Amino acid sequence: MSTRGSLRIVGLGPGGAQWMTPEAAELIAGATDLVGYSSYLERIPPAEGQARHATGNGQELARARHALHLAESGRRAVLVSGGDPGVFAMAAAVFEAIAGEPRWRSIDVAVSPGITAMQAAAARAGAPLGHDFCAISLSDNLKPWGVIERRLAAASAADFVIALYNPASEARPGRICDAFALLRSMKDAATPVVFARALGRADEDVSVTVLGAADPSRADMSTLIIIGSSETRIIPRENGPPFVYTPRGAKAVL
Ligand code: SAH
Numbered sequence: 016m017s018t019r020g021s022l023r024i025v026g027l028g029p030g031g032a033q034w035m036t037p038e039a040a041e042l043i044a045g046a047t048d049l050v051g052y053s054s055y056l057e058r059i060p061p062a063e064g065q066a067r068h069a070t071g072n073g074q075e076l077a078r079a080r081h082a083l084h085l086a087e088s089g090r091r092a093v094l095v096s097g098g099d100p101g102v103f104a105m106a107a108a109v110f111e112a113i114a115g116e117p118r119w120r121s122i123d124v125a126v127s128p129g130i131t132a133m134q135a136a137a138a139r140a141g142a143p144l145g146h147d148f149c150a151i152s153l154s155d156n157l158k159p160w161g162v163i164e165r166r167l168a169a170a171s172a173a174d175f176v177i178a179l180y181n182p183a184s185e186a187r188p189g190r191i192c193d194a195f196a197l198l199r200s201m202k203d204a205a206t207p208v209v210f211a212r213a214l215g216r217a218d219e220d221v222s223v224t225v226l227g228a229a230d231p232s233r234a235d236m237s238t239l240i241i242i243g244s245s246e247t248r249i250i251p252r253e254n255g256p257p258f259v260y261t262p263r264g265a266k267a268v269l
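16 is the number of the first residue of the sequence shown in my numbering; add one for each residue after it.
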């Protein structure tokens, strides 16, 4: 066995073993140490001889440094994130830590991808991400609210489908309503909207509505929202929930 330590930054998918990649499962099984936010570690059954380092929410950089220290000391560390580790998650924090500490550049580090919440939400609804789209986090912990507003306005003006991560802030519950007010001022009231909550978990709930009728206050931190472009369509069905799709080509001239 190699004495050289390593760090693998692994995505668990949105929830449920069926959405975890075989590679993620293999890396977790081979780890000496698991590091991550406690609610993600809870999703992994305990294995004998495997150490767990649960951390609170926030503290991303400290968690990344802790995982790098473990790898440096010869451990096979696995740092877990929900969804994909590169989408609003831990991978960027690890590279930020490495950028600030030259001696960490020689550590064996690799990222293992996961299904991100936006993909799971899109799959449940149909194919809303079938044409150009963007993803915006509404969390203003790491950026000023003014930046978020500018990006929402620019994405609306460019007629992207928009996936909204982190829609509800406990500290500022009104922000999601401000975001919807801005979107409503720029987009048609008939624009399809998907609220996808707790994807892949027992309490999963996906609902389809339109921008003019959407109640943004229903979104919590387990919700991913997809806002359509001007091309996105809803196909109603009598025997099940509607399909939502965005055609492959854009007809409208901006
Ligand atoms: N790395 C994660 C995203 C972390 S940001 C990923 O790739 O999915 C956290 C946000 O992701 C949540 O506020 C929510 O908007 C979304 N999210 C994560 N898991 C989800 C799930 N199972 N169902 C719905 N949304 C989810």
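Each residue gets a CB set at the ideal place from its N, CA and C atoms; glycine is no exception.
In this text the structure is predicted, and so the values were computed from the model without any measurement.
Asked, Found
"Buried versus exposed call for D174 [16 or more other C-beta atoms within 10 Å across all chains shown]", "buried"
"DSSP-derived helix/strand/coil call for A69", "strand"
"Between the CA atoms of P251 and R120 - distance to the nearest angstrom", "53 Å"
"Backbone secondary structure at F195 - three-state DSSP", "helix"
"Cα-Cα separation between G141 and I249, rounded to whole angstroms", "9 Å"
"The segment 218-234 / the segment 41-53 touching (three or more Cβ pairs under 8 Å)", "no"
"Assigned secondary structure, L22 (DSSP; H/G/I helix, E/B strand, else coil)", "strand"
"Runs of beta strand (DSSP E) lying entirely within the segment 50-124, each at least 3 residues, in chain order", "66-70, 91-96"
"Closer than 7 Å: V102 CB and nearest the ligand FMN heavy atom", "Of the ligands this structure carries, namely the ligand SAH, none is the ligand FMN."
"Rounded separation between P256 and C149 - CA only", "25 Å"
"Any 3 or more C-beta pairs closer than 8 Å across the segment 79-98 and the segment 145-162", "no"
"Span of the alpha helix (DSSP H) around P37", "37-44"
"Cβ pair L197, L167 closer than 8 Å", "yes"
"Nearest to E116 (by Cα), restricted to the options R80, R139, T36", "R80"
"For L179, the residue or residues it bridges with in DSSP", "I151, I240"
"Straight-line Cα distance separating V126 from A108", "12 Å"
"Backbone secondary structure at V162 - three-state DSSP", "helix"
"Stretch pair the segment 20-31 + the segment 128-139: three plus CB contacts closer than 8 Å", "yes"
"Per DSSP, cross-strand counterpart(s) of T224", "V208"
"C-alpha gap between R118 and A135, whole angstroms", "38 Å"
"D218 to A183 span [Cα, whole Å]", "18 Å"
"Through-space distance from D123 to G64, alpha-carbon basis", "22 Å"
"Best match in Y55, V259, C192, R90 for proximity to D230 [C-alpha to C-alpha]", "C192"
"Under 8 Å between C-beta atoms of L214 and G30", "yes"
"8 Å Cβ cutoff met for I241 and V209", "yes"
"For D48 and A92, the rounded distance between their alpha carbons", "5 Å"
"Classification of R212 by the beta-carbon crowding that lies within 10 angstroms, buried from 16 upward", "buried"
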